[in-house]
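S.K.: So the sequence lines, in the order shown, correspond to chains A and B.
Its first residue numbered 8, the first sequence is counted upward by one per residue in this note's numbering.
Its first residue numbered 78, the second sequence is counted upward by one per residue in this note's numbering.
My questions will all concern the structure given below.
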Amino acid sequence: MSESAASGPLALPPRESALSASPALHHQFEDIEQQHDAGNFGIWVFLATEMLFFGGVFTGYIIYRSLYYSGFAAGSHGLEIDLGAAMMFVLLASSFTMAMAVHAAREGKHRPLIGFLSVTIILGVAFLGMKFTEYFHKWQEHMVPGLNFHPALESLRGAPEHTVELFMCFYFFMTGLHALHMIIGIGLLTVMAILAWRGKIPRENYNRVEFSGLYWHFVDIIWIYLFPLLYLIGGRYK
Amino acid sequence: MSEQTPSVGTYILVFMALLVLAALTTGIAYVNLGPFNTVIALAIAVVKMSLVGLFFMHLWYSPGLNRIVVLAGFFWLALMVSFTLADVFTRSWINPPGP
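Here you go:
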């Protein structure tokens with residue numbers, strides 16, 4: 008601290024926490040706790056905008072589902088419910104391991120942190136594998152709007168063909184947007200795992216892991232809604 | 078660092094509850110409940126979201142500011158959905174003169 012800055016009318020009050028400042032503390036924050044809360048707040052604001060981003064597609068979905076219900080129900084019956092449910096379980100498990108990774112980072116335990124991050128990444132990749140398996144099946148069934156849409160008559164279940172096509176548009180856009188978020192999330196977690204491997208996630212500043220975790224859980228929540236909205240329309244009873 | 082977070086036991090309990098709810102929502106799809114199939118599926122989704130948000134995302138233990146952000150997000154989402162639906166589903170009420 009220079010002498011000239013310490014005196015005069017514009018001098019800032021001395022920062023007590025500066026005495027115990029950790030190298031992880033950025034200069035604009037009073038202490039590590041304020042830095043953590045500010046970052047946390049920022050991520051939540053970002054997630055609120057993400058909510059509205061997905062909200063636009065969900066709004067469109069609500070409108071067209073009410074206008075063309077039979078087409079949406081027919082399209083939904085064509086989806087593989089067991090695969091969708093399996094993806095739900097895989098994603099919930101990945102959220103659990105992510106929460107455990109953040110817990111480990113908070114406790115400063117590096118080995119569990121790297122382990123839980125790796126399991127989360129593997130589960131995320133497994134989810135994408137199942138997702139693209141289903142996309143491939145849809146291609147084989149000629150159910151891809153715009154590129155390859157010649158569905159078998161029985162898969163329409165009496166609904167007008169273009170309404171089933173509209174449902175498939177929503178299916179590919181909503182799950183595609185979700186899959187894009189999954190890919191970004193897997194990238195983030197890979198960076199976190201590498202940082203943890205190099206010992207760059209100090210116990211007093213595990214914010215990066217926590218914030219990646221918040222994003223991961225958000226993407227999980229989107230699937231919590233996509234599963235019933237896309238796979239369960241009109242039930243599966245006979 | 079003073080902020081509280083859930084214990085490992087809480088995480089495991091929440092995870093178990095989420096698995097049960099996921100199985101429940103899939104199972105109920107095979108039972109004919111008429112319009113309640115959708116209502117129940119969405120109610121279960123809301124419960125699952127709350128569990129993930131409150132415990133995995135630590136909202137239960139977070140400063141009030143973060144919870145206000147979440148509520149603001151839901152508020153704007155509700156505005157977007159309700160105003161859009163109010164437009165689309167009332168268009169047939171009037172017959173505007175054509176061009």
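Don't be surprised by glycine CBs; every beta carbon is placed ideally from N, CA and C.
1) Helix, strand or coil for M150(A), going by three-state DSSP, please let me know.
2) Flag this pair as yes or no: are the beta carbons of M95(A) and A99(B) separated by less than 8 Å?
3) Please compile the residues from chain A whose C-beta is within a distance smaller than 9 Å of the C-beta of Y138(B).
4) Taking the beta carbon of E37(A) as the centre, do at least 16 other beta carbons fall within 10 Å, making it buried, or is it exposed?
5) Assign Q81(B) to one of three DSSP states: helix, strand, or coil.
6) Identify each residue in the region 138-156 of chain B for which the Cβ-Cβ distance to at least one residue of chain A is less than 8 Å, and report them in chain order.
7) Answer with buried or exposed for P174(B), where buried requires no fewer than 16 other C-beta atoms within 10 angstroms of its C-beta.
8) Return yes when the Cβ of A108(A) is within less than 8 Å of the Cβ of G241(A), no when it is not.
9) According to the neighbour-count rule (16 or more other Cβ atoms, all chains shown, within 10 Å of its Cβ), is V171(A) buried or exposed?
10) Between R215(A) and chain B, is any beta-carbon pair separated by less than 8 Å?
11) On the CB-based measure, 16 or more other CB atoms within 10 Å of its CB, does W170(B) come out buried or exposed?
12) Could you tell me the boundaries of the alpha helix (DSSP H) in which Q42(A) lies?
13) Thinking just about the alpha-carbon of each residue, which of R118(A), L184(A), S162(A) is nearest to the one in I208(A)?
14) Quick one, which of W153(B), V147(B), I121(B), Y107(B) has its alpha-carbon nearest A94(B)'s?
15) Please report whether the beta-carbon of L162(B) lies at a distance below 8 Å from any beta-carbon of chain A.
16) Between T102(B) and chain A, is there a C-beta pair that is closer than 8 Å?
17) With 16 other CB atoms within 10 Å as the buried threshold, where does W146(A) fall?
18) Could you run through the region 144-167 of chain A and flag, in chain order, every residue whose CB is less than 7 Å away from some CB of chain B?
19) Compare the beta carbon distance of M150(A) and G67(A) with 8 Å and say whether it is the shorter of the two.
20) Compare the C-beta of G62(A) with all C-beta atoms of chain B and state if any pair is closer than 8 Å.
21) Under 9 Å Cβ-Cβ, which residues of chain A neighbour T82(B)?
22) Just grab the DSSP bridge partners of N155(A) for me.
23) When Cβ atoms are compared, which residues of the region 98-127 of chain B fall closer than 7 Å to chain A?
24) Is K207(A) helix, strand or coil by DSSP?
25) With the cut-off set at 8 Å, would you say G62(A) and Y178(A) are in Cβ contact?
26) Find the residues of chain A that neighbour L131(B), judging by a C-beta separation of less than 8 Å, and give them in chain order.
27) Could you tell me whether any Cβ in chain A is nearer than 8 Å to the Cβ of L96(B)?
28) Output the distance between the C-alpha atoms of P158(A) and M189(A), rounded to the nearest integer angstrom.
29) Can you name, in chain order, every residue of its own chain whose Cβ lies under 8 Å from the Cβ of Y232(A), other than the five neighbours on each side?
M.R.: To lay it out plainly:
1) In the structure shown, M150(A) adopts extended strand secondary structure according to DSSP, grouped into three states.
2) Yes, they are a contact pair.
3) Within 9 Å Cβ-Cβ: nothing; Y138(B) doesn't reach chain A, min ~11 Å.
4) E37(A) is exposed by the Cβ-count criterion.
5) Residue state, collapsed to three classes: coil.
6) Of all residues in the region 138-156 of chain B, S139, P140, L142, N143, V146, V147, A149, G150, F151, W153, L154 have a Cβ within less than 8 Å of some Cβ in chain A.
7) Residue environment for P174(B): exposed (fewer than 16 other C-beta atoms within 10 angstroms of its C-beta).
8) With respect to A108(A), G241(A) sits apart: the two C-beta atoms are not nearer than 8 Å.
9) By the neighbour-count rule (16 or more Cβ atoms within 10 Å), V171(A) is buried.
10) By this cut-off, R215(A) is not an interface position.
11) Sixteen is the threshold: since fewer than 16 other Cβ atoms of the shown chains lie within 10 Å of the Cβ of W170(B), the residue is exposed.
12) Residues 39-74.
13) The shortest Cα separation from I208(A) among R118(A), L184(A), S162(A) belongs to R118(A).
14) Nearest option by C-alpha distance: I121(B).
15) Chain A has a Cβ within less than 8 Å of the Cβ of L162(B).
16) Yes, T102(B) lies at the interface with chain A (some Cβ there is under 8 Å from its Cβ).
17) Burial state of W146(A) is exposed, judged by a 10 Å Cβ sphere holding fewer than 16 other Cβ atoms.
18) Listed in sequence order: no entries.
19) No; because the gap between Cβ atoms is not below 8 Å, this pair is not in contact.
20) Taking Cβ atoms only, chain B reaches closer than 8 Å to G62(A), which makes this a yes.
21) Within chain A, the residues near T82(B) are V109, H110, R113.
22) Paired residue(s): V151(A).
23) Cβ contacts with chain A come from A99, T102, T103, A106, Y107, V108, N109, N114, A118, L119, A122, K125, M126.
24) Residue state, collapsed to three classes: coil.
25) The answer is no: Cβ separation not under 8 Å.
26) Under the 8 Å cutoff, chain A gives no residues; its nearest Cβ is about 11 Å from L131(B).
27) So, interface residue.
28) Taking the CA atoms as reference points, P158(A) sits about 29 Å from M189(A).
29) Apart from the 5 residues on each side of it in sequence, Y232(A) sits with its Cβ closer than 8 Å to the Cβ of F65 in its chain, given in chain order.
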